[in-house]
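Its first residue numbered 22, the sequence shown is counted upward by one per residue in our numbering. Backbone N, C-alpha and C define an ideal beta-carbon position, used for all residues, glycine too. Comments concern the structure below.
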Amino acid sequence: MKKFSLLTLGLLALCTISTMAQSYQSKMERYGGLITEGRFLEACQLFTDTDSVSPFIKLHKQILAAIAQNQNRLAISLIDENLRYNWMAYGADVLYLSRELLNLCKAEGMHDKAASHVEWLKREYYLSQKAYYNDAEYNKSVEKLISSGEQRLRERNLLPPVHAIRKGKSQTIKFTAVPLLKTPIKVNDKSLEGLWMTATPYPMIITHQVAKQLGLVVGADSVAGFPVVYLDSIRIGSILFKNVPALVSKVATPIKGIDKHKLSKKEAKRIKEIYAEANKPKIGLPIIRQLETIAIDWKRQEISFPVDSLPNADVEEKMYFAYVDYPYLFMPITISKKTAIGKISTGDVVYIKMCDKFYKKHQFPSENWNKSMYVTTDGNAVSIPNLILKSPSLTINGRPIDTKEK
(Lines of atoms letter the chains of each structure in order from A and count residues from 1; the text may use other names and numbers.)
(Lines give C-alpha, C1' and ligand atoms only; values in the text may rest on other atoms or scores of the structure.)
Protein backbone atom coordinates (compact mmCIF):
# COMPACT_ATOMS: atom_id res chain seq x y z
CA MET A 1 0.00 0.00 0.00
CA LYS A 2 2.86 2.34 0.86
CA LYS A 3 4.52 1.63 -2.49
CA PHE A 4 1.21 2.24 -4.27
CA SER A 5 0.80 5.59 -2.46
CA LEU A 6 4.32 6.63 -3.40
CA LEU A 7 3.64 5.64 -7.01
CA THR A 8 0.42 7.70 -6.99
CA LEU A 9 2.26 10.71 -5.56
CA GLY A 10 4.96 10.31 -8.20
CA LEU A 11 2.39 10.25 -11.01
CA LEU A 12 0.63 13.31 -9.56
CA ALA A 13 3.96 15.14 -9.39
CA LEU A 14 4.73 14.26 -13.02
CA CYS A 15 1.26 15.43 -14.11
CA THR A 16 1.71 18.70 -12.19
CA ILE A 17 5.14 19.30 -13.74
CA SER A 18 3.74 18.52 -17.20
CA THR A 19 0.82 20.94 -16.68
CA MET A 20 3.18 23.65 -15.42
CA ALA A 21 5.44 23.13 -18.43
CA GLN A 22 2.49 23.46 -20.82
CA SER A 23 1.29 26.60 -19.03
CA TYR A 24 4.79 28.11 -19.19
CA GLN A 25 5.10 27.27 -22.88
CA SER A 26 1.71 28.85 -23.55
CA LYS A 27 2.74 32.00 -21.68
CA MET A 28 6.02 32.19 -23.57
CA GLU A 29 4.20 31.95 -26.91
CA ARG A 30 1.81 34.69 -25.79
CA TYR A 31 4.77 36.76 -24.58
CA GLY A 32 6.47 36.53 -27.96
CA GLY A 33 3.22 37.35 -29.77
CA LEU A 34 2.63 40.50 -27.72
CA ILE A 35 6.18 41.70 -28.36
CA THR A 36 5.77 41.11 -32.10
CA GLU A 37 2.58 43.21 -32.03
CA GLY A 38 4.37 46.01 -30.16
CA ARG A 39 2.25 45.52 -27.02
CA PHE A 40 5.15 45.83 -24.60
CA LEU A 41 3.24 46.82 -21.46
CA GLU A 42 0.90 43.84 -21.79
CA ALA A 43 3.90 41.55 -22.27
CA CYS A 44 5.47 42.90 -19.06
CA GLN A 45 2.35 42.03 -17.08
CA LEU A 46 2.11 38.46 -18.37
CA PHE A 47 4.61 37.08 -15.84
CA THR A 48 4.29 38.06 -12.18
CA ASP A 49 7.15 38.45 -9.69
CA THR A 50 6.19 35.11 -8.12
CA ASP A 51 6.46 33.18 -11.40
CA SER A 52 9.48 30.96 -11.75
CA VAL A 53 11.10 32.39 -14.87
CA SER A 54 14.62 32.58 -16.25
CA PRO A 55 16.95 35.50 -15.48
CA PHE A 56 16.51 36.53 -19.12
CA ILE A 57 12.72 36.94 -18.78
CA LYS A 58 13.12 38.89 -15.53
CA LEU A 59 15.55 41.28 -17.20
CA HIS A 60 13.63 41.46 -20.47
CA LYS A 61 10.43 42.48 -18.65
CA GLN A 62 12.27 45.46 -17.17
CA ILE A 63 13.71 46.37 -20.56
CA LEU A 64 10.29 46.28 -22.26
CA ALA A 65 8.72 48.36 -19.48
CA ALA A 66 11.40 51.02 -19.94
CA ILE A 67 11.00 51.08 -23.73
CA ALA A 68 7.19 51.27 -23.50
CA GLN A 69 7.58 54.42 -21.38
CA ASN A 70 10.09 55.96 -23.82
CA GLN A 71 12.94 55.40 -21.34
CA ASN A 72 15.40 53.91 -23.80
CA ARG A 73 18.43 55.08 -21.82
CA LEU A 74 17.23 53.15 -18.76
CA ALA A 75 16.83 50.04 -20.93
CA ILE A 76 20.39 50.51 -22.22
CA SER A 77 21.75 50.75 -18.66
CA LEU A 78 19.86 47.60 -17.60
CA ILE A 79 21.31 45.55 -20.45
CA ASP A 80 24.84 46.93 -20.14
CA GLU A 81 25.17 46.44 -16.38
CA ASN A 82 23.68 42.93 -16.34
CA LEU A 83 25.77 41.63 -19.23
CA ARG A 84 29.07 43.07 -18.05
CA TYR A 85 28.82 41.67 -14.54
CA ASN A 86 26.61 38.59 -14.91
CA TRP A 87 26.74 37.40 -18.53
CA MET A 88 26.85 33.70 -17.58
CA ALA A 89 23.26 33.93 -16.24
CA TYR A 90 21.92 34.69 -19.72
CA GLY A 91 23.58 32.00 -21.83
CA ALA A 92 23.15 32.48 -25.58
CA ASP A 93 20.60 35.26 -24.92
CA VAL A 94 23.62 37.57 -24.55
CA LEU A 95 23.57 37.81 -28.36
CA TYR A 96 19.92 38.93 -28.43
CA LEU A 97 20.38 41.40 -25.58
CA SER A 98 23.48 42.87 -27.21
CA ARG A 99 21.58 43.45 -30.46
CA GLU A 100 18.83 45.21 -28.52
CA LEU A 101 21.39 47.42 -26.79
CA LEU A 102 22.91 48.41 -30.14
CA ASN A 103 19.43 49.14 -31.57
CA LEU A 104 18.56 51.33 -28.58
CA CYS A 105 21.90 53.15 -28.75
CA LYS A 106 21.15 53.87 -32.39
CA ALA A 107 17.73 55.28 -31.46
CA GLU A 108 19.20 57.51 -28.74
CA GLY A 109 22.28 58.59 -30.66
CA MET A 110 24.53 57.04 -27.98
CA HIS A 111 27.39 56.21 -30.32
CA ASP A 112 30.02 56.07 -27.56
CA LYS A 113 27.98 53.56 -25.52
CA ALA A 114 27.51 51.34 -28.59
CA ALA A 115 31.25 51.50 -29.33
CA SER A 116 32.04 50.63 -25.71
CA HIS A 117 29.75 47.59 -25.82
CA VAL A 118 31.22 46.30 -29.08
CA GLU A 119 34.69 46.71 -27.55
CA TRP A 120 33.57 44.72 -24.46
CA LEU A 121 32.21 41.95 -26.69
CA LYS A 122 35.48 41.85 -28.62
CA ARG A 123 38.04 42.20 -25.81
CA GLU A 124 36.34 40.52 -22.85
CA TYR A 125 33.20 38.52 -23.61
CA TYR A 126 34.53 36.68 -26.66
CA LEU A 127 37.58 35.30 -24.83
CA SER A 128 35.67 34.51 -21.61
CA GLN A 129 32.80 32.64 -23.27
CA LYS A 130 35.26 30.77 -25.49
CA ALA A 131 36.92 29.27 -22.42
CA TYR A 132 33.60 28.80 -20.56
CA TYR A 133 31.46 27.12 -23.28
CA ASN A 134 34.13 25.67 -25.61
CA ASP A 135 31.53 25.72 -28.41
CA ALA A 136 32.83 26.33 -31.94
CA GLU A 137 29.38 27.16 -33.38
CA TYR A 138 28.65 29.68 -30.65
CA ASN A 139 32.08 31.24 -31.23
CA LYS A 140 31.05 31.87 -34.85
CA SER A 141 27.79 33.50 -33.69
CA VAL A 142 29.69 35.84 -31.36
CA GLU A 143 32.18 36.70 -34.11
CA LYS A 144 29.26 37.47 -36.45
CA LEU A 145 27.69 39.74 -33.81
CA ILE A 146 30.97 41.62 -33.29
CA SER A 147 31.43 42.05 -37.06
CA SER A 148 27.84 43.30 -37.38
CA GLY A 149 28.37 45.70 -34.46
CA GLU A 150 31.52 47.13 -36.05
CA GLN A 151 29.65 47.60 -39.33
CA ARG A 152 26.89 49.46 -37.44
CA LEU A 153 29.49 51.76 -35.92
CA ARG A 154 30.94 52.52 -39.35
CA GLU A 155 27.45 53.33 -40.65
CA ARG A 156 26.71 55.38 -37.55
CA ASN A 157 29.70 57.56 -38.33
CA LEU A 158 27.92 58.34 -41.59
CA LEU A 159 24.59 59.03 -39.82
CA PRO A 160 25.25 61.32 -36.84
CA PRO A 161 22.19 62.17 -34.69
CA VAL A 162 20.23 65.29 -35.61
CA HIS A 163 19.40 68.04 -33.14
CA ALA A 164 16.74 70.74 -33.33
CA ILE A 165 17.54 74.43 -32.82
CA ARG A 166 14.71 76.90 -32.25
CA LYS A 167 15.14 80.05 -34.32
CA GLY A 168 13.04 83.01 -33.25
CA LYS A 169 9.51 83.01 -31.85
CA SER A 170 6.76 80.46 -32.37
CA GLN A 171 5.85 80.17 -36.02
CA THR A 172 2.87 78.69 -37.86
CA ILE A 173 3.19 76.94 -41.21
CA LYS A 174 0.50 75.72 -43.58
CA PHE A 175 0.22 72.10 -44.64
CA THR A 176 -1.76 69.99 -47.07
CA ALA A 177 -2.92 66.42 -46.53
CA VAL A 178 -4.24 65.35 -49.92
CA PRO A 179 -3.26 62.60 -49.95
CA LEU A 180 -0.03 62.89 -47.90
CA LEU A 181 0.98 65.34 -45.16
CA LYS A 182 3.17 67.99 -46.80
CA THR A 183 4.64 71.23 -45.49
CA PRO A 184 6.92 73.89 -46.95
CA ILE A 185 10.53 73.42 -45.84
CA LYS A 186 13.88 74.97 -46.65
CA VAL A 187 16.78 72.69 -47.56
CA ASN A 188 20.10 74.50 -47.87
CA ASP A 189 18.04 77.74 -47.98
CA LYS A 190 16.10 76.47 -51.01
CA SER A 191 12.30 76.37 -50.64
CA LEU A 192 10.82 72.91 -51.25
CA GLU A 193 7.82 70.86 -50.19
CA GLY A 194 8.54 67.99 -47.79
CA LEU A 195 6.55 64.84 -47.03
CA TRP A 196 6.21 63.88 -43.35
CA MET A 197 6.94 60.14 -43.17
CA THR A 198 6.83 58.66 -39.65
CA ALA A 199 7.70 55.25 -41.10
CA THR A 200 11.08 56.44 -42.43
CA PRO A 201 13.96 55.50 -40.07
CA TYR A 202 16.42 58.05 -41.49
CA PRO A 203 16.44 61.84 -40.93
CA MET A 204 15.69 62.56 -44.57
CA ILE A 205 15.46 60.77 -47.90
CA ILE A 206 15.87 62.66 -51.16
CA THR A 207 15.99 61.47 -54.75
CA HIS A 208 18.85 61.90 -57.20
CA GLN A 209 16.73 64.55 -58.95
CA VAL A 210 16.49 66.60 -55.73
CA ALA A 211 20.21 66.12 -55.01
CA LYS A 212 20.98 67.49 -58.48
CA GLN A 213 18.56 70.38 -57.90
CA LEU A 214 20.44 71.26 -54.68
CA GLY A 215 23.82 70.99 -56.39
CA LEU A 216 24.94 68.06 -54.22
CA VAL A 217 27.64 65.62 -55.29
CA VAL A 218 26.74 62.00 -54.49
CA GLY A 219 29.85 60.15 -53.30
CA ALA A 220 30.74 56.56 -52.44
CA ASP A 221 29.57 56.58 -48.79
CA SER A 222 26.44 54.49 -48.33
CA VAL A 223 24.07 53.15 -45.67
CA ALA A 224 21.67 50.24 -46.26
CA GLY A 225 22.70 50.31 -49.92
CA PHE A 226 21.82 53.99 -50.43
CA PRO A 227 24.33 56.82 -50.98
CA VAL A 228 24.60 59.37 -48.15
CA VAL A 229 24.89 63.13 -48.60
CA TYR A 230 25.01 65.86 -45.97
CA LEU A 231 22.65 68.83 -45.99
CA ASP A 232 23.92 72.09 -44.53
CA SER A 233 20.51 72.93 -43.09
CA ILE A 234 16.83 72.00 -42.99
CA ARG A 235 14.29 74.48 -41.68
CA ILE A 236 10.72 73.55 -40.71
CA GLY A 237 8.82 76.55 -39.37
CA SER A 238 10.86 78.00 -36.52
CA ILE A 239 12.93 74.81 -36.08
CA LEU A 240 16.36 74.50 -37.70
CA PHE A 241 18.52 71.40 -38.22
CA LYS A 242 22.17 71.62 -39.28
CA ASN A 243 24.50 69.08 -40.91
CA VAL A 244 21.72 66.58 -41.61
CA PRO A 245 22.58 63.22 -43.22
CA ALA A 246 20.21 62.24 -46.02
CA LEU A 247 19.92 59.03 -48.00
CA VAL A 248 19.63 59.34 -51.78
CA SER A 249 17.08 57.04 -53.39
CA LYS A 250 16.44 56.23 -57.01
CA VAL A 251 13.01 56.89 -58.50
CA ALA A 252 12.71 55.76 -62.10
CA THR A 253 10.41 57.52 -64.53
CA PRO A 254 7.12 55.63 -64.96
CA ILE A 255 6.79 56.38 -68.70
CA LYS A 256 7.97 52.89 -69.75
CA GLY A 257 5.58 51.24 -67.30
CA ILE A 258 2.66 53.32 -68.56
CA ASP A 259 3.36 52.32 -72.16
CA LYS A 260 4.01 48.67 -71.26
CA HIS A 261 0.74 48.22 -69.34
CA LYS A 262 -1.29 50.37 -71.78
CA LEU A 263 -2.86 52.35 -68.97
CA SER A 264 -5.80 54.69 -69.50
CA LYS A 265 -5.27 58.47 -69.49
CA LYS A 266 -6.75 58.63 -65.99
CA GLU A 267 -4.43 55.91 -64.65
CA ALA A 268 -1.42 57.43 -66.43
CA LYS A 269 -2.18 60.83 -64.91
CA ARG A 270 -2.43 59.26 -61.44
CA ILE A 271 0.87 57.42 -61.90
CA LYS A 272 2.62 60.64 -62.96
CA GLU A 273 1.22 62.39 -59.88
CA ILE A 274 2.61 59.59 -57.69
CA TYR A 275 5.98 59.96 -59.44
CA ALA A 276 5.97 63.70 -58.72
CA GLU A 277 5.16 63.02 -55.05
CA ALA A 278 7.90 60.39 -54.84
CA ASN A 279 10.45 63.00 -55.93
CA LYS A 280 9.74 65.24 -52.94
CA PRO A 281 12.07 65.14 -49.90
CA LYS A 282 10.85 62.80 -47.15
CA ILE A 283 11.16 64.00 -43.55
CA GLY A 284 11.84 60.92 -41.41
CA LEU A 285 11.06 59.95 -37.82
CA PRO A 286 14.47 61.06 -36.38
CA ILE A 287 13.61 64.67 -37.36
CA ILE A 288 9.92 64.43 -36.43
CA ARG A 289 10.89 63.18 -32.96
CA GLN A 290 13.13 66.20 -32.45
CA LEU A 291 10.23 68.59 -33.07
CA GLU A 292 8.90 67.46 -29.64
CA THR A 293 6.00 69.88 -29.11
CA ILE A 294 3.81 70.78 -32.07
CA ALA A 295 0.15 71.74 -32.46
CA ILE A 296 -1.82 70.62 -35.51
CA ASP A 297 -4.99 72.45 -36.53
CA TRP A 298 -6.60 70.11 -39.05
CA LYS A 299 -9.43 72.49 -39.95
CA ARG A 300 -7.16 75.43 -40.74
CA GLN A 301 -4.41 73.12 -41.99
CA GLU A 302 -1.77 74.74 -39.83
CA ILE A 303 1.15 73.41 -37.78
CA SER A 304 2.59 75.60 -35.04
CA PHE A 305 5.58 75.20 -32.74
CA PRO A 306 4.55 76.66 -29.34
CA VAL A 307 7.42 77.78 -27.11
CA ASP A 308 5.84 76.79 -23.79
CA SER A 309 2.70 74.69 -23.98
CA LEU A 310 0.13 73.23 -26.31
CA PRO A 311 -3.56 74.14 -26.37
CA ASN A 312 -6.04 71.65 -24.91
CA ALA A 313 -6.87 68.85 -27.34
CA ASP A 314 -10.24 67.20 -27.97
CA VAL A 315 -8.58 63.80 -27.97
CA GLU A 316 -5.44 62.95 -26.03
CA GLU A 317 -3.69 59.61 -26.28
CA LYS A 318 -0.18 58.55 -25.41
CA MET A 319 1.84 57.36 -28.37
CA TYR A 320 5.07 55.43 -28.01
CA PHE A 321 7.97 54.39 -30.19
CA ALA A 322 8.83 50.82 -31.05
CA TYR A 323 12.39 49.64 -31.62
CA VAL A 324 14.38 51.83 -33.97
CA ASP A 325 14.61 49.09 -36.60
CA TYR A 326 10.80 49.06 -36.75
CA PRO A 327 10.19 52.79 -36.99
CA TYR A 328 6.56 53.52 -36.22
CA LEU A 329 4.49 55.44 -33.75
CA PHE A 330 1.97 53.23 -31.97
CA MET A 331 -1.38 53.90 -30.30
CA PRO A 332 -4.07 51.59 -28.82
CA ILE A 333 -7.27 51.51 -30.90
CA THR A 334 -10.44 49.42 -31.21
CA ILE A 335 -11.78 48.33 -34.61
CA SER A 336 -15.32 46.95 -34.55
CA LYS A 337 -14.85 46.04 -30.86
CA LYS A 338 -11.56 44.23 -31.57
CA THR A 339 -8.62 45.75 -29.66
CA ALA A 340 -5.42 46.37 -31.54
CA ILE A 341 -2.28 48.48 -31.60
CA GLY A 342 -2.43 50.97 -34.44
CA LYS A 343 0.64 52.09 -36.36
CA ILE A 344 0.46 55.81 -37.01
CA SER A 345 1.92 56.44 -40.44
CA THR A 346 1.76 59.81 -42.18
CA GLY A 347 2.99 58.12 -45.34
CA ASP A 348 -0.23 56.29 -46.23
CA VAL A 349 -2.96 57.55 -48.52
CA VAL A 350 -5.77 55.26 -47.31
CA TYR A 351 -7.93 55.68 -44.22
CA ILE A 352 -6.62 52.59 -42.47
CA LYS A 353 -4.55 49.57 -43.46
CA MET A 354 -5.12 46.17 -41.90
CA CYS A 355 -2.79 43.20 -42.24
CA ASP A 356 -4.23 40.08 -43.84
CA LYS A 357 -3.64 37.99 -40.70
CA PHE A 358 -5.63 40.37 -38.44
CA TYR A 359 -8.40 40.67 -41.05
CA LYS A 360 -8.82 36.89 -41.38
CA LYS A 361 -8.55 36.28 -37.63
CA HIS A 362 -11.58 38.46 -36.85
CA GLN A 363 -13.49 37.77 -40.10
CA PHE A 364 -14.60 41.36 -40.65
CA PRO A 365 -17.44 41.62 -43.21
CA SER A 366 -16.10 43.39 -46.29
CA GLU A 367 -16.53 44.01 -49.99
CA ASN A 368 -14.25 44.75 -52.93
CA TRP A 369 -13.59 48.44 -53.41
CA ASN A 370 -10.92 49.58 -55.83
CA LYS A 371 -7.22 49.27 -56.60
CA SER A 372 -4.25 51.32 -55.42
CA MET A 373 -1.72 52.26 -58.09
CA TYR A 374 2.01 52.22 -57.34
CA VAL A 375 5.25 52.85 -59.20
CA THR A 376 8.09 50.44 -58.47
CA THR A 377 11.74 51.53 -58.31
CA ASP A 378 12.33 50.27 -61.85
CA GLY A 379 9.50 52.42 -63.22
CA ASN A 380 6.85 49.69 -63.60
CA ALA A 381 3.25 50.43 -62.66
CA VAL A 382 1.48 47.94 -60.38
CA SER A 383 -1.96 47.81 -58.77
CA ILE A 384 -3.02 46.27 -55.46
CA PRO A 385 -6.70 45.45 -54.71
CA ASN A 386 -8.31 47.08 -51.67
CA LEU A 387 -11.15 45.78 -49.50
CA ILE A 388 -13.55 48.00 -47.62
CA LEU A 389 -15.08 46.88 -44.30
CA LYS A 390 -18.87 47.02 -44.01
CA SER A 391 -20.07 49.39 -41.26
CA PRO A 392 -16.85 49.30 -39.19
CA SER A 393 -16.41 51.23 -35.96
CA LEU A 394 -13.21 52.85 -34.72
CA THR A 395 -12.48 53.97 -31.17
CA ILE A 396 -9.45 55.99 -30.08
CA ASN A 397 -8.91 56.68 -26.38
CA GLY A 398 -12.53 55.77 -25.63
CA ARG A 399 -13.86 58.22 -28.22
CA PRO A 400 -15.81 56.68 -31.11
CA ILE A 401 -14.91 58.08 -34.52
CA ASP A 402 -18.17 58.75 -36.36
CA THR A 403 -18.75 57.21 -39.79
CA LYS A 404 -19.05 60.71 -41.26
CA GLU A 405 -15.49 61.41 -40.15
CA LYS A 406 -14.04 58.46 -42.06
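Item, Value
"Contact set for S414: own chain, Cβ-Cβ below 6 Å, skip 5 residues either direction", "S357"
"Assigned exposure category for S191 - 16 Cβ within 10 Å defines buried", "exposed"
"D253 versus T274, I227, V244 and V208, residue with shortest Cα-Cα distance", "V208"
"Residue from L104, Y117, T197 and E50 whose Cα sits closest to the Cα of R321", "T197"
"Cβ contact check for the region 309-320 and the region 239-247: 3 or more pairs under 8 Å", "no"
"Element boundaries [beta strand (DSSP E), containing S325]", "E323 to S325"
"Supposed contact pair L67 and I97 - C-beta distance, whole angstroms, cut 8 Å", "Actually they do not touch by this definition, with Cβ atoms about 23 Å apart."
"Coil, strand or helix - G419 by DSSP", "coil"
"Under the three-state DSSP convention, the category I257 falls into", "strand"
"Length of the line joining the Cα atoms of S75 and E323", "51 Å"
"Contact set for T355: own chain, Cβ-Cβ below 6 Å, skip 5 residues either direction", "T416"
"A267 versus P224: straight-line alpha-carbon distance, rounded", "6 Å"
"Rounded C-alpha distance that separates L99 from R105", "10 Å"
"Rounded straight-line distance, which links the Cα of V272 to that of W141", "42 Å"
"N- and C-terminal bounds of the beta strand (DSSP E) containing L364", "Correcting the residue type first, residue 364 is Lys in the shown sequence and not Leu. Start and end: K359 to I365."
"Three-pair Cβ contact test at 8 Å for the region 158-171 versus the region 112-129", "yes"
"Supposed contact pair A110 and L85 - C-beta distance, whole angstroms, cut 8 Å", "Not confirmed; about 18 Å, so no contact."
"Three-state secondary structure assigned by DSSP to R60", "coil"
"Buried versus exposed, by CB contacts within 10 Å (16 or more), K211", "exposed"
"Buried versus exposed, by CB contacts within 10 Å (16 or more), L202", "buried"
"For G215 and T228, believed in contact at Cβ under 8 Å, the rounded distance", "With 8 Å as the limit, T228 and G215 do not qualify as a contact, their Cβ atoms being about 12 Å apart."
"Cut-off 6 Å between Cβ atoms - residues of its own chain near L410, not counting five sequence neighbours on either side", "F385 and S387"
"Classification of N93 by the beta-carbon crowding that lies within 10 angstroms, buried from 16 upward", "buried"
"Alpha carbon of E129 to alpha carbon of N103, nearest angstrom", "20 Å"
"Local conformation of Y251 per DSSP, three classes", "strand"
"Buried versus exposed call for A297 [16 or more other C-beta atoms within 10 Å across all chains shown]", "exposed"
"Start and end residues, beta strand (DSSP E) containing W141", "Run containing W141: none in the beta strand (DSSP E); it sits in the alpha helix (DSSP H), H132 to W141."
"Presumed contact (8 Å Cβ cut-off) between T367 and T219, rounded CB distance", "5 Å"
"C-beta contact flag for V139 and E171 at 8 Å", "yes"
"Exposure label - R420; buried when at least 16 CB within 10 Å", "exposed"
"Alpha helix (DSSP H) segment containing P101, residue limits", "Contrary to the premise, residue 101 reads as Asp rather than Pro in this sequence. It spans N93 to N107 - the alpha helix (DSSP H) in which D101 sits, taken as one unbroken run."
"N- and C-terminal bounds of the beta strand (DSSP E) containing D318", "A316 to D318"
"Buried or exposed (CB count within 10 angstroms, at least 16 for buried), E121", "buried"
"Whole-number beta carbon distance between V183 and I308, since they are thought to touch under 8 Å", "6 Å"
"Euclidean distance between Cα positions of K127 and F326", "26 Å"
"Supposed contact pair P302 and L213 - C-beta distance, whole angstroms, cut 8 Å", "6 Å"
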